[in-house]
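This report concerns only the one structure given below.
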Amino acid sequence: MLLAKKLREYGMSQSKISSLLGVTQPAVKQYLEEDERKGLERLNEMGLTEEEVNSLLDTLVEFLKNNDVKGAMYYLTDFGLKMLSELKFCKYHKERDKYIPPDCDICRSLYRTKEEEQMEIALSMIQNELITPLIPEVLSNLAYARQNAKSVQDVIAVAGRITKVMGLPTPASKPMWGASKHLSKILLNVMSKNSQIRAVMNIKYDEKVDKALKKLGFKVAYIGPRDSEISDDEIVNDVIKVYNPELDCVVHLGGKGIEANTYVFGRDPIDVVRKVIEIGRVYREMTEN
């Protein structure tokens, strides 16, 4: 019901919503007439916060706006298993079934991070026109590290980077382990300061990106520019020098012949791409106004 309402807010017809959700049009009409607050209250009662519900809905909408039903299903399954493994629904379940042992935590083992699958979901989300103007001249990439990653080979990224094809951000190839030394070095060093941050994507930096970051309330650190030529390792060292666990992004202002870039960090690639989409949405609003 909540997802149908969200899709309707984006101007989708009832017939389009019914096609995407795999339900009848009369069912969609009924969903749209139901009380949204009651739906949220039920999910809150089960153990989900309003922020978690809204984040889930926003991500599903991004998939479905691009007619990516498969991607939406993968993400919803991944989200559900993750919530179960975090024992989010235990209190609700135990209140309704007196036979469940008080110390039951059987769901904890349901979810195991599958980096390749999460990358595939995130790369599907990237093919969004909101991200297109954020791709820098040096192109973008998205990297995701294993837990307790130790080397470049423990970090998966897009070989050949993310370019633009037919106006949409498009991975040049499938993600591969060890495919981006640059982002891997940044990520491995960041993880030494905050092990919860395991993903990063680089996008361009300009005045409108800066305004978007501020409007969204993202925590950002800046370094540079340098007046001289600068090596890849120097860029990595600069980023790490200003990074702290509270940050969403680090902006490197470049050097002689080196383009400025914004490094967007997150818990996983889906978290990172969600942030990039938000930046792209505000960026578009500023461009159109």
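Here the sequence shown is numbered in the working numbering, starting from 10 and rising by one per residue.
Cβ coordinates follow ideal geometry from the N, Cα and C atoms, glycine included.
- As the crow flies, the alpha-carbon of Leu-41 is around 14 Å from that of Leu-49.
- From the listed residues Lys-265, Gln-23, Val-273 and Asp-87, the smallest Cα separation to Asn-211 is found for Val-273.
- As the crow flies, the alpha-carbon of Leu-93 is around 34 Å from that of Ala-221.
- For Asn-150, the number of other beta carbons within 10 angstroms of its own is at least 16, and it is reported as buried.
- Taking all protein chains in view, the Cβ of Gln-127 is crowded by 16 or more other Cβ atoms within 10 Å, so the residue is classified as buried.
- Here the alpha carbon of Lys-38 sits roughly 34 Å from the alpha carbon of Leu-96.
- Annotation note: the segment 73–139 contains the following uninterrupted alpha helix (DSSP H) runs of length 4 or greater, listed N- to C-terminal: 78–94, 99–105 and 124–135.
- For Tyr-272, the enclosing beta strand (DSSP E) covers residues 270–275.
- Judged by DSSP secondary structure, Pro-278 falls within the alpha helix (DSSP H) whose first and last residues are 278–297.
- When the alpha-carbon of Phe-98 is set against those of Lys-107, Asn-203 and Cys-116, the nearest one is in Cys-116.
- Taking the C-beta atoms as reference points, Pro-278 is found nearer than 8 Å to Ala-208.
- Taken in chain order, the complete alpha helix (DSSP H) segments of 4 residues or longer contained in the segment 142–206 are 190–202.
- A contact is defined here as three or more CB-CB pairs under 8 Å, and the segment 139–147 meets this definition with respect to the segment 171–188.
- With a cutoff of 8 Å on beta-carbon distance, Glu-124 and Tyr-153 are scored as near each other.
- The segment 243–251 and the segment 157–175 do not touch, with fewer than three beta-carbon pairs separated by less than 8 Å.
- Setting aside the 5 residues that flank it on each side, Gln-136 is surrounded in the same chain by Asn-75, Leu-177, Pro-178 and Thr-179, each with a C-beta closer than 7 Å to its C-beta; the list follows chain order.
- In this structure, Leu-12 sits near Leu-66, with a CB-CB distance shorter than 8 Å.
- Cα atoms of Asp-236 and Leu-30: separation of roughly 54 Å, rounded to the nearest angstrom.
- Put simply, of Glu-255, Ser-240 and Leu-262 the residue whose alpha carbon is nearest the alpha carbon of Ile-232 is Leu-262.
- The Cβ atoms of Lys-194 and Pro-254 lie no closer than 8 Å to each other.
- Taking the C-beta atoms as reference points, Gly-264 is found nearer than 8 Å to Ile-239.
- Note on geometry: alpha-carbon atoms of Ile-267 and Met-200 lie some 25 Å from one another.
- Spatial neighbours of Ser-189 in its own chain (CB-CB distance under 6 Å, excluding positions within 5 residues in sequence) are listed in chain order as Asn-150, Ala-152 and Ala-166.
- Just so you know, the alpha carbons of Glu-216 and Val-62 end up roughly 32 Å apart.
- Within the DSSP secondary-structure output, Asn-211 pairs in a beta bridge with Tyr-272.
- Using a Cβ distance threshold of 8 Å, Val-260 and Tyr-214 count as a contacting pair.
- Out of Tyr-108, Gly-56, Val-229 and Val-281, the CA that lies nearest to the CA of Lys-91 is found in Gly-56.
- Beta-bridge partners of Tyr-231 (DSSP): Val-260.
- Selection Ser-204, Lys-228, Ala-168 and Arg-283 evaluated against Gly-187 yields Ala-168 as nearest (Cα-Cα).
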